[in-house]
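So the structure is just underneath, and the comments pick up after that.
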Amino acid sequence: MLVTDLKYSLRAEGMRKLITSTSNPQVKRLLQLQRKSKARNEEGVFVVEGLRMFVEVPQERMEKVYVSETLYNKKKHELDWDKLTLEILSDSVFNHVSDTQTPQGILCIVKQKKYDLNTLLNIKNPHFIVLDNLQDPGNLGTIVRTAEGAGVDAVFMSKDCVDIYNPKTIRSTMGSIYRMPTIYIEDTVKLLEIFKEKGIQSYAAHLDGQNSYDKEDYRTGTAILIGNEGNGLRDEVSNKADIWVRIPMEGQVESLNAAIAASVFMFEVARQRRQ
């Protein structure tokens, strides 16, 4: 048996049972949340893994924590388990539910945070990025992480973008998912029309861009548009942009990875606004 003095969610329920079966309902739920966006969205939660992601979870959004038996025994005197709604899984069961090849022994169910479109649109002199049909979860997570570092106010995603709560996306954000406002948009073309009404200049990252990205002035309201990894922006989206801009290439390289291209643009906006 494990230690018998563990308090559960501050209610002192006594000894906690070790979950040793993959048929346990909680284990089945975890697998569903890891694998299916529908399950995550229906419950309004997502799963994060790793000690860093655990430490950075806003406490008001933490629903439940699962730890492996080995990690619990190793960290029971280092971490404040008493304040958590905690379950302990045998190492084999934890490995079964983990989405990583080398599990760290801790994962959490976290409440999703919903952002209000009108509130975001009323940010003064905003720095936005708009993603059109992005499909790679690693790209999306990297963009969200970079957006926080570059001072972006919000990341807008077309409805066909990869799920922001995909486990690979979450890992790639390195904790920025807790702090960076993200929102899915039903109609990206309509969003660009709203930007125009509000005086927010939209810049399409496009191979046929008229100017180099660093020749524009981003010090007023700005929205950078980044398209699908293989096909770029949809025509109906790029045609609504105010300006097409490009990243000049040397050698035989035609274009950059979507996350890298987005980073180039975001940090150019940030650089100009620091001056």
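Numbering-wise, the working numbering comes out as the position in the sequence shown, counting from 1, plus 3. Where a beta carbon is used, it is the ideal one built from N, C-alpha and C, also for glycine.
Exercise. For M65, which of helix, strand or coil comes out of DSSP?
Worked result: As a working mapping, residue 65 is identified with position 62 in the sequence shown. The answer is strand: DSSP assigns M65 an E or B state.
For this session: Tell whether a beta-carbon distance below 9 Å holds between L143 and V165.
Result: As a working note, residue 143 is residue 140 in the sequence shown. As a working note, residue 165 is residue 162 in the sequence shown. Yes, these two residues count as a Cβ contact at 9 Å.
Exercise. Can you give the beta carbon distance from S241 to L210, rounded, assuming they're within the 8 Å contact cut?
Worked result: For the purposes of this step, residue 241 is taken as residue 238 along the sequence shown, with counting starting at 1. For the purposes of this step, residue 210 is taken as residue 207 along the sequence shown, with counting starting at 1. Not really, about 10 Å apart at Cβ, beyond 8 Å.
Exercise. Closest to G47 by CA distance: which of A207, S24, Y168 is it?
Worked result: Counting from one through the sequence shown, the residue named residue 47 turns up at place 44. G47 has its Cα closest to that of Y168, out of A207, S24, Y168.
Problem set entry | Nearest-angstrom Cβ-Cβ length linking L134 and I229, presumed shorter than 8 Å | By 1-based counting over the sequence shown, the position of residue 134 is 131. By 1-based counting over the sequence shown, the position of residue 229 is 226. For a cut-off of 8 Å, the C-beta gap from L134 to I229 is around 5 Å, short enough to register as a contact.
For this session: With DSSP as the reference, label A157 as helix, strand or coil.
Result: Working through the sequence shown from its first residue, we reach residue 157 at position 154. It is a strand residue.
Exercise. Does DSSP put R38 in a helix, in a strand, or in coil?
Worked result: As a position in the sequence shown, residue 38 is number 35, starting the count at 1. Helix, per DSSP.
For this session: Locate the beta strand (DSSP E) running through T185, then write down its first and last residues.
Result: Within the sequence shown, residue 185 is the residue found at index 182, counting from 1. Element bounds for T185: 185 to 188.
Exercise. In this structure, does DSSP put Q115 in helix, strand or coil?
Worked result: By 1-based counting over the sequence shown, the position of residue 115 is 112. Coil at Q115, not helix or strand.
For this session: Could you tell me which uninterrupted beta strand (DSSP E) segments, each at least 3 residues in length, are contained entirely in the region 187 to 227, listed from first to last along the chain?
Result: 204 to 208
For this session: Pick helix, strand or coil for S26, following the three-state DSSP scheme.
Result: Walking along the sequence shown from the start, residue 26 turns up at place 23. Coil.
Problem set entry | Presumed contact (8 Å Cβ cut-off) between D156 and I112, rounded CB distance | In the sequence shown, the residue the question calls residue 156 occupies position 153. In the sequence shown, the residue the question calls residue 112 occupies position 109. No, D156 and I112 are not in contact; Cβ-Cβ is about 28 Å, not under 8 Å.
Exercise. If you count every other CB in all the chains shown that lies within 10 Å of the CB of P61, and 16 or more means buried, which is it?
Worked result: Position 58 of the sequence shown, counting from 1, holds the residue named residue 61. Exposed: under 16 other Cβ atoms inside 10 Å.
For this session: Give me the Cα-Cα distance between R277 and V147, rounded to the nearest whole angstrom.
Result: By 1-based counting over the sequence shown, the position of residue 277 is 274. By 1-based counting over the sequence shown, the position of residue 147 is 144. As the crow flies, the alpha-carbon of R277 is around 21 Å from that of V147.
For this session: Taking 8 Å as the threshold, find out whether the region 183 to 203 comes into contact with the region 248 to 263 through three or more Cβ pairs.
Result: no
Exercise. Which one or two residues does DSSP pair with V248 in a beta bridge?
Worked result: Residue numbering aside, residue 248 sits at position 245 when the sequence shown is read from its first letter. Looking at the DSSP assignment, V248 forms a beta bridge with A208, N214.
Problem set entry | Contact under 9 Å by Cβ, Q115 with N214 | If you number the sequence shown from 1, residue 115 lands on position 112. If you number the sequence shown from 1, residue 214 lands on position 211. In this structure, N214 does not lie closer than 9 Å to Q115 by Cβ.
Exercise. Is A226 near L137, with beta carbons less than 9 Å apart?
Worked result: Locating residue 226 in the sequence shown gives position 223, counting from the first residue. Locating residue 137 in the sequence shown gives position 134, counting from the first residue. No; because the gap between Cβ atoms is not below 9 Å, this pair is not in contact.
Exercise. Would you call D139 buried or exposed, if buried means 16 or more other Cβ atoms sit within 10 Å of its Cβ?
Worked result: Here residue 139 corresponds to residue number 136 of the sequence shown, with the count starting at 1. By the 10 Å Cβ count, D139 comes out buried.
Exercise. Looking at the unbroken beta strand (DSSP E) that takes in H130, where does it start and where does it end?
Worked result: Position 127 of the sequence shown holds residue 130. Following the DSSP letters along the chain, one finds H130 inside the beta strand (DSSP E) bounded by residues 130 to 134.
For this session: Alpha carbon to alpha carbon, how far is V256 from M183? Give it in angstroms, no decimals.
Result: The sequence position of residue 183 within the sequence shown is 180, counting from 1. The sequence position of residue 256 within the sequence shown is 253, counting from 1. Cα to Cα, the separation comes out at about 31 Å.
Problem set entry | Pick from D217, K78, Y221, N27 that is closest to V96, judged by C-alpha positions | As a position in the sequence shown, residue 96 is number 93, starting the count at 1. It is N27.
Exercise. Just the Cα atoms here: how many angstroms apart are R38 and R174?
Worked result: For the purposes of this step, residue 38 is taken as residue 35 along the sequence shown, with counting starting at 1. For the purposes of this step, residue 174 is taken as residue 171 along the sequence shown, with counting starting at 1. Straight-line measurement puts the Cα of R174 at about 14 Å from the Cα of R38.
Problem set entry | Short Cβ contact (9 Å threshold) for I33 with Y69 | Counting from 1 along the sequence shown, the entry for residue 33 is found at position 30. Counting from 1 along the sequence shown, the entry for residue 69 is found at position 66. The sequence given here has Leu at residue 33, not Ile. Against a cut-off of 9 Å, the Cβ pair of Y69 and L33 comes out as a contact.
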